[in-house]
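Chemist: Attaching a single structure in structure tokens format; questions to follow.
2 protein chains.
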Amino acid sequence: MDKLRWTPISFTKVTLSDAFWVPRIDANRQHGLEAVYQQLKRTGRLDAYALDWTPASNQPQPHVFWDSDVAKWLEGACYSLMNHPDPVLRSRVEDVVDRILSAQAEDGYLNPHFTVVEPGKRWTNLRDKHELYCAGHLIEAGVAHHRATGDSRFLRGMQRYADLIGREFGPGEDQRQGYPGHEEIELALVKLYRHTGLEHYLELACFFIEERGRSPHYFDLEARQRGEDPKVYWPKTYAYTQSHRPVRQQREVVGHAVRAMYLYAAMADCALETGDRALLGTLRSLWGDLTAHKLYLTGGIGPSRRNEGFTARYDLPNQNAYAETCAAIGLVFWAHRMLQVDLDSRYADVMERALYNGMLSGVSLTGDRFFYVNPLASGGDHHRQAFFTCSCCPPNINRVLPTIGEYIYSRKGDEIAVHLFAQSSVEIVLSEGSLVLCQETDYPWDGVVCFHFEMDQPRALTLKIRKPGWCQQSHIYLNQDSEPMDCQIERGYWTIRRTWQPGDLLRLQLAMAATRVYAHPRVSSDVGRTALMRGPLVYCLEAVDQGVPVHTLSLPRSTPLDSQFEPGLLGGVVMIQGTAKAVDEDAWGGNLYQTCPPILRDVPFRAVPYFAWDNRAPGEMQVWIPEAVDGE
Amino acid sequence: MDKLRWTPISFTKVTLSDAFWVPRIDANRQHGLEAVYQQLKRTGRLDAYALDWTPASNQPQPHVFWDSDVAKWLEGACYSLMNHPDPVLRSRVEDVVDRILSAQAEDGYLNPHFTVVEPGKRWTNLRDKHELYCAGHLIEAGVAHHRATGDSRFLRGMQRYADLIGREFGPGEDQRQGYPGHEEIELALVKLYRHTGLEHYLELACFFIEERGRSPHYFDLEARQRGEDPKVYWPKTYAYTQSHRPVRQQREVVGHAVRAMYLYAAMADCALETGDRALLGTLRSLWGDLTAHKLYLTGGIGPSRRNEGFTARYDLPNQNAYAETCAAIGLVFWAHRMLQVDLDSRYADVMERALYNGMLSGVSLTGDRFFYVNPLASGGDHHRQAFFTCSCCPPNINRVLPTIGEYIYSRKGDEIAVHLFAQSSVEIVLSEGSLVLCQETDYPWDGVVCFHFEMDQPRALTLKIRKPGWCQQSHIYLNQDSEPMDCQIERGYWTIRRTWQPGDLLRLQLAMAATRVYAHPRVSSDVGRTALMRGPLVYCLEAVDQGVPVHTLSLPRSTPLDSQFEPGLLGGVVMIQGTAKAVDEDAWGGNLYQTCPPILRDVPFRAVPYFAWDNRAPGEMQVWIPEAVDGE
């Protein structure tokens, strides 16, 4: 499988200069990281590392998942430092690192909750207590810190922790054959392996993955060891943690959505590193189930609040959608890893969908207010918050935004794959010299993308450019040619093998019209409804833009959709507008019910990108708009 | 206000012989009362009166609302005995009465929970503990038992309890100025007053009503006396118990729907008995709020599971509707009482709507399986049950069905008002002799109703016949006249003052076509949708009758609606059928989303009365059907 192995080009090599992502990355750096840091401080998450909590103290009790919040913020801060050095943030990072390291035990263990709240109970409840999950995030932060600062003290500490875990868990008789209730450490161990080159970290990641769901079930065993009945388990099924059967026998995405995404992403990592084709087959089945049955138009996933996760096929309610921000981020992680192991535009299409819609809706334009839950309709009572009691999403946003550049390109030898479109330049070092590939574009507002090749001399190079699934008409022009190129398409990528000349210009024209989208007839919530998309962006109707209540609007199929860039709106967005039908409330009278049909009248409507909703006055919102009924 | 005072004609005077209600009354007698009795026994509700529960015993702990379940069953059984003597049921009734009386304390107090589970805590938590609510149901059962058997031993016991309550509660310094968290005793005390003629029961009912919501708030006081913080109260507002302000200052229906209905019904009783016009004004405001903003098409009320009650105006979700069966019954009680104090067909319209739809959906055709919650749409996972942990609804059905006859007529002197249509005869004793008024009709399946006057000699009598709000064309013919009568309409009742001749025949023709109904534009759940009604009945699409999934159906506005009586279906119902549009799933392909609109094709649909749904194979159900989108 080695020939399939692609590698993302690091965000540190990609210089974004676009009007879309740069302001978001800046807002995250200037406001998001600051806001989350203040919340970590305010809520006691940082003070927890002093290990001075006692039942008698007035301090908040360190929670089992607090470390993950701190670690994700730290990871995000380090990524931010890598492209944007900042002495103030750097010293804050070092202070947090000091705090964390001060709480590490002699043997490498690191978890304030199990140190002060439940001492002596290490590793006794992997099912519920997030211990390995927190360890994973700390390890990821350790790698990020080393990359950002070159200082290895934090990484060394986290390796000591990873080594402890490696002694504790494994196939040996004196080891635990356990695995985390909330996956994450698998991703972290692969990252640690890639950073250090130490194979035992990869082996441990694979061990956790392979052990998952085997019989006898580890969560049964550990529950009995705690003196508990394993059947007393609120989700009632191990599908909640994707451990209902061994992972290689799983064919349907189930359970808690974030857990599922982190597992599948780690499985993709392992498939890539080990060349395991069978594992890749499992992942393709899971991917097929997700994308054919369980994916919101926005890339949001996990419709149910009850399990924060998956339910039945086609169960995609709009107003009650859970669609956690972290789950969309997890989907980005999984899709990105699938791209490296199994390059195909269908993964990039979903990655783009989740990035621009379901993930980005999770953060305000100012970068410091967040959605945990991302419904596709609202009666007006859903609003962004500064933080949450369970606050995984804000620091997850913190760590994704600085690394957006990483999702644009992958490379395999002298092949370059372009997954996303964004004005940027990337330096690519080839065997015989380097080149700079520049994208010039107003994407996602405009579908023209120009690729410039900046180099000293001609270079043979295969360029693979994703043909977006949303696009119905597209052409590529080379230099001044008036006829489009006749490009081969390989698994959704235009593939151009050529010796490029200095100054070569490739112009991609993606027709980007506002388009109606429809959902599968089994999605009962969306029958009779249409959604508007333009390019990769899902649109919505927000109350503040309409003259009438959003729920009274319907859209005749014949209405022309007019797109217009509004520089002053929501940081500059393309709005879609046209004429909708609205139930005329004035003509109705006072009755709650009547036999005379409501009168519809023409009203203007304006739709804005879904990611940007709830940044102005609160109110109703709908992605899926009823299509207007026939004749009055 | 005495001139406004109407009196219902007792169900014991009305002999129903129709094909609609008689089978339901029979099913309740033969199966419903039996099934609920067995559940009362099985769950320990009857054994609780042995008062031998201890914390160490293995018996189920007597719950604070158990007495109400037993009492409502007993009341229903007694009503059934009144029209259908049955020695087996009678002896069962006496056994239950014996059990209850054996648990009564010396001073008249009667409540197993507070006797064995929380001894010494009588009257310490009126807000939450249903003590006065249970007392009310016991008192109603006492009156019913006396009416059914002529034996006063149970009634005497319940009067002793009422007298104890009368000493405990009242305006005196040595009395408690409290009132129940769950209204009901007010209704019971008025009933007891009417049955015994003892005015202090009416006064106590009025005291409870007037005291409600005054400052300082009684629930605050008693919470502090319990050493609790009154603010620690899960509903967060006293609106939950309609005690957020004095009742005369209330203008909007709020809180727990059953509680609200029982309160308003008792207020109507008091207004009627005391001639209090101000109280009637309050009730009219509350009625207006309910019927203009908060009433399901089915007569169901209280959309929210959270408070089992009311929310904001126009908040009428379909699939998530709570619409408890008891709340529809409570609405029938309130509407019926409003009719007596303020005769107007708008009350009877709502009473009929709730009886035939929201109440009747609560019980299976077999009489022994129940809905607690009555949604207007289902994905297929909502089914009738034999009983519930909180099982107020089944015995409430038990006591309403035997008394259906009581809702048909009211009388004031020589005026007779006909509220409902059902094949039946009623004996009416006038000052100078009696007459029998017969209705001959196939209502609700057919709109022709013939009234026969059977009497020895001519009688002057004012007959008031309700002009149903659902009917768009109606005529009344006298005897063989070919021209319809030109009747005066007074507050929605055709009013015919006449000296009737023996053998007179009045023929009412109500056009009863299947009709599309629409909801106010502010009801966001119903925008773009239509519901089908025929006569008083709301219809629904049930999966078992369709060839395609219910949620894929939409109804073009132009589709003719064909009604047909199906004798073999659901005990004999009129079905509505026609041609709908369905999204063609076969033509769709496998994608979850696509830009090509779904193809609609013509399919036959069949709609059945809402009350009869979930009596066959489980599946999807919808009352509000999308109207088809324009041109393919």
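Protein chains in written order, with our numbering: chain A, 8 to 639; chain B, 8 to 639. All C-beta atoms in this analysis are idealised placements derived from N, C-alpha and C, irrespective of residue type, glycine included. The model shown is predicted, which means the values in this text are computed figures rather than measured ones.
Do three or more CB pairs link the stretch 464-474 of chain B to the stretch 420-439 of chain B at distances below 8 Å?
Modeler: Counting Cβ pairs under 8 Å, three or more are found: they touch.
Chemist: Could you give the uninterrupted runs of the alpha helix (DSSP H) lying entirely in the stretch 335-402 of chain B, keeping only those of 4 residues or more?
Modeler: You should have 352-360.
Chemist: Under a CB-based cut-off of 9 Å, is Asn598 (chain B) close to chain A?
Modeler: What you label residue 598 (chain B) is simply residue 591 of the second sequence in a count that begins at 1. Answer yes: the Cβ-Cβ gap between Asn598 (chain B) and chain A drops below 9 Å somewhere.
Chemist: Give the DSSP bridge partners of Asp569 (chain B), in chain order.
Modeler: On the second sequence, position 562 is the one that residue 569 (chain B) refers to. Partner(s): B:Gln584.
Chemist: List the endpoints of the continuous alpha helix (DSSP H) containing Glu82 (chain B).
Modeler: Here residue 82 (chain B) corresponds to residue number 75 of the second sequence, with the count starting at 1. Here the alpha helix (DSSP H) through Glu82 (chain B) covers Trp73 to Asn90.
Chemist: Could you check what DSSP says for Leu544 (chain A) in three-state terms: helix, strand or coil?
Modeler: Translated into the one-based positions of the first sequence, residue 544 (chain A) becomes position 537. Three-state DSSP puts Leu544 (chain A) in a strand.
Chemist: Starting from Phe460 (chain B), trace the beta strand (DSSP E) both ways and give me its first and last residue.
Modeler: On the second sequence, position 453 is the one that residue 460 (chain B) refers to. Run containing Phe460 (chain B): Val455 to Glu461, per the beta strand (DSSP E) assignment.
Chemist: Which residues of chain B have a Cβ atom closer than 9 Å to the Cβ of Gln553 (chain A), listed in chain order?
Modeler: Indexing the first sequence from 1 puts residue 553 (chain A) at position 546. Those do not exist, as Gln553 (chain A) stays about 13 Å from chain B at its closest Cβ, beyond 9 Å.
Chemist: With respect to the beta strand (DSSP E) encompassing Phe612 (chain A), which residues constitute its N-terminal and C-terminal limits?
Modeler: Taking the first residue of the first sequence as 1, we reach residue 612 (chain A) at position 605. That run of the beta strand (DSSP E) goes Leu607 to Pro616.
Chemist: Whole angstroms are fine: how far does the CA of Ser565 (chain A) sit from the CA of Gly638 (chain B)?
Modeler: Walking along the second sequence from the start, residue 638 (chain B) turns up at place 631. Walking along the first sequence from the start, residue 565 (chain A) turns up at place 558. For Gly638 (chain B), the predicted model reports a pLDDT of 43, less than 50, meaning its position is unreliable; a value from the coordinates is still stated below. Rounded to whole angstroms, Gly638 (chain B) to Ser565 (chain A) spans 9 Å at the Cα level.
Chemist: Looking at His120 (chain B) and Thr373 (chain B), is the spacing between their C-beta atoms short of 9 Å?
Modeler: The residue labelled residue 373 (chain B) in the question sits at position 366 within the second sequence. The residue labelled residue 120 (chain B) in the question sits at position 113 within the second sequence. Not in contact: Thr373 (chain B) and His120 (chain B) (Cβ atoms no closer than 9 Å).
Chemist: Counting along the chain, where does the beta strand (DSSP E) carrying Thr22 (chain B) start and finish?
Modeler: For the purposes of this step, residue 22 (chain B) is taken as residue 15 along the second sequence, with counting starting at 1. Here the beta strand (DSSP E) through Thr22 (chain B) covers Val21 to Leu23.
Chemist: Check whether the Cβ atoms of Gly412 (chain B) and Ser75 (chain B) sit closer than 9 Å, and answer yes or no.
Modeler: Along the second sequence, one-based indexing puts residue 412 (chain B) at 405. Along the second sequence, one-based indexing puts residue 75 (chain B) at 68. No, these two residues do not count as a Cβ contact at 9 Å.
Chemist: Whole angstroms are fine: how far does the CA of Pro625 (chain A) sit from the CA of Cys399 (chain A)?
Modeler: The residue labelled residue 399 (chain A) in the question sits at position 392 within the first sequence. The residue labelled residue 625 (chain A) in the question sits at position 618 within the first sequence. Cα-Cα distance, rounded: 24 Å.
Chemist: Cβ atoms of Ser417 (chain B) and Pro2 (chain B): under 9 Å apart, would you say?
Modeler: Absent from the structure is residue 2 (chain B), since the part of chain B shown begins at 8 and ends at 639.
Chemist: Compute the beta-carbon to beta-carbon distance between Val260 (chain B) and Met274 (chain B), rounded to the nearest angstrom, for a pair I have assumed lies under 8 Å.
Modeler: The residue given as residue 260 (chain B) occupies position 253 in the second sequence. The residue given as residue 274 (chain B) occupies position 267 in the second sequence. Not a contact, Cβ separation roughly 12 Å.
Chemist: Give the interface partners of Gln480 (chain A) over in chain B, defined as CB-CB distance under 9 Å, in chain order.
Modeler: Walking along the first sequence from the start, residue 480 (chain A) turns up at place 473. Residues of chain B passing the Cβ test: none, with the nearest at roughly 12 Å.
Chemist: Give the C-beta separation of Ile146 (chain A) and Leu81 (chain A) to the nearest angstrom, bearing in mind that I take them to be a contact with Cβ-Cβ under 8 Å.
Modeler: Indexing the first sequence from 1 puts residue 146 (chain A) at position 139. Indexing the first sequence from 1 puts residue 81 (chain A) at position 74. About 11 Å separates the two Cβ atoms, so there is no contact after all.
Chemist: Which residues, taken in chain order from the stretch 511-536 of chain B, show a beta carbon closer than 8 Å to some beta carbon of chain A?
Modeler: Listed by position along the chain: Thr522, Arg523, Val524, Tyr525, Ala526, His527, Pro528, Arg529, Val530, Ser531, Val534 and Gly535.
Chemist: Using the C-alpha atoms, what's the distance from Ala55 (chain A) back to Lys79 (chain A)?
Modeler: Looking up residue 79 (chain A) in the first sequence gives position 72. Looking up residue 55 (chain A) in the first sequence gives position 48. Cα-Cα distance, rounded: 16 Å.
Chemist: Does the distance from the C-beta atom of Val580 (chain A) to that of Ala619 (chain A) stay below 9 Å?
Modeler: For this step, residue 580 (chain A) is matched to residue 573 along the first sequence. For this step, residue 619 (chain A) is matched to residue 612 along the first sequence. Yes; because the gap between Cβ atoms is below 9 Å, this pair is in contact.
Chemist: Three or more C-beta pairs under 8 Å: does that hold for the stretch 481-493 of chain B against the stretch 514-534 of chain B?
Modeler: Enough Cβ pairs lie closer than 8 Å, so yes.
Chemist: Per DSSP, what kind of secondary structure is Ala142 (chain B) in: helix, strand or coil?
Modeler: For the purposes of this step, residue 142 (chain B) is taken as residue 135 along the second sequence, with counting starting at 1. Residue state, collapsed to three classes: helix.
Chemist: Got a sec, what are the start and stop residues for the alpha helix (DSSP H) Glu193 (chain B) sits in?
Modeler: What you label residue 193 (chain B) is simply residue 186 of the second sequence in a count that begins at 1. Unbroken alpha helix (DSSP H) run through Glu193 (chain B): Ile192 to Thr203.
Chemist: How far does the alpha helix (DSSP H) with Glu422 (chain A) in it extend, from its first residue to its last?
Modeler: In the first sequence, counting from the first residue as 1, residue 422 (chain A) sits at position 415. Run containing Glu422 (chain A): none in the alpha helix (DSSP H); it sits in the beta strand (DSSP E), Glu422 to Val425.
Chemist: Would Ile192 (chain B) be called buried (16 or more neighbouring beta carbons within 10 Å of its own) or exposed?
Modeler: Taking the second sequence and counting its residues from 1, the one referred to as residue 192 (chain B) is at position 185. By the neighbour-count rule (16 or more Cβ atoms within 10 Å), Ile192 (chain B) is buried.
Chemist: Just list the residues that DSSP pairs Cys445 (chain B) with in beta bridges.
Modeler: Sequence index remark: in the second sequence, residue 445 (chain B) carries index 438 (1-based). Cys445 (chain B) is bridged to B:Ser432 and B:His459.
Chemist: From the DSSP secondary-structure annotation, give me the bridge partner or partners of Gly295 (chain B).
Modeler: Looking up residue 295 (chain B) in the second sequence gives position 288. None; Gly295 (chain B) has no bridge partner.
Chemist: For Gly510 (chain A), which of helix, strand or coil comes out of DSSP?
Modeler: Along the first sequence, read from residue 1 onward, the residue named residue 510 (chain A) stands at position 503. Of the three classes helix, strand and coil, the one that applies to Gly510 (chain A) here is coil, per DSSP.
Chemist: So what does DSSP say about Tyr240 (chain A), is it helix, strand or coil?
Modeler: Taking the first sequence and counting its residues from 1, one reaches residue 240 (chain A) at position 233. Note: Tyr240 (chain A) maps to coil in three-state DSSP.
Chemist: For a contact defined as C-beta to C-beta under 9 Å, what are the partners of Glu592 (chain A) on chain B?
Modeler: Here residue 592 (chain A) refers to the residue found at position 585 when the first sequence is read from its first residue. Per Cβ cutoff of 9 Å: His527, Pro528 and Arg529.
Chemist: Assuming the contact rule is C-beta atoms closer than 8 Å, Arg154 (chain A) and Met89 (chain A) should be a hit. Round their C-beta distance to whole Å, please.
Modeler: For the purposes of this step, residue 154 (chain A) is taken as residue 147 along the first sequence, with counting starting at 1. For the purposes of this step, residue 89 (chain A) is taken as residue 82 along the first sequence, with counting starting at 1. Between Met89 (chain A) and Arg154 (chain A) the Cβ distance is about 6 Å, and since that is below 8 Å, they are a contact.
Chemist: Given a cut-off of 9 Å on the beta-carbon distance, is the pair Gly316 (chain B) and Ala393 (chain B) in contact?
Modeler: Counted from its first residue, the second sequence places residue 316 (chain B) at position 309. Counted from its first residue, the second sequence places residue 393 (chain B) at position 386. Their beta carbons are not under 9 Å apart, which means Gly316 (chain B) does not touch Ala393 (chain B) by this criterion.
Chemist: Does any CB atom of chain A fall closer than 9 Å to the CB of Pro556 (chain B)?
Modeler: As a working mapping, residue 556 (chain B) is identified with position 549 in the second sequence. Yes, its Cβ sits closer than 9 Å to a Cβ of chain A.
Chemist: Going along the chain, which residues of the stretch 240-271 of chain B sit with their C-beta nearer than 8 Å to a C-beta in chain A?
Modeler: Listed in sequence order: no entries.
Chemist: Is the distance from the Cβ of Phe215 (chain A) to the Cβ of Leu139 (chain A) below 9 Å?
Modeler: Residue 215 (chain A) sits at position 208 when you count from the first residue of the first sequence. Residue 139 (chain A) sits at position 132 when you count from the first residue of the first sequence. In this structure, Leu139 (chain A) lies closer than 9 Å to Phe215 (chain A) by Cβ.
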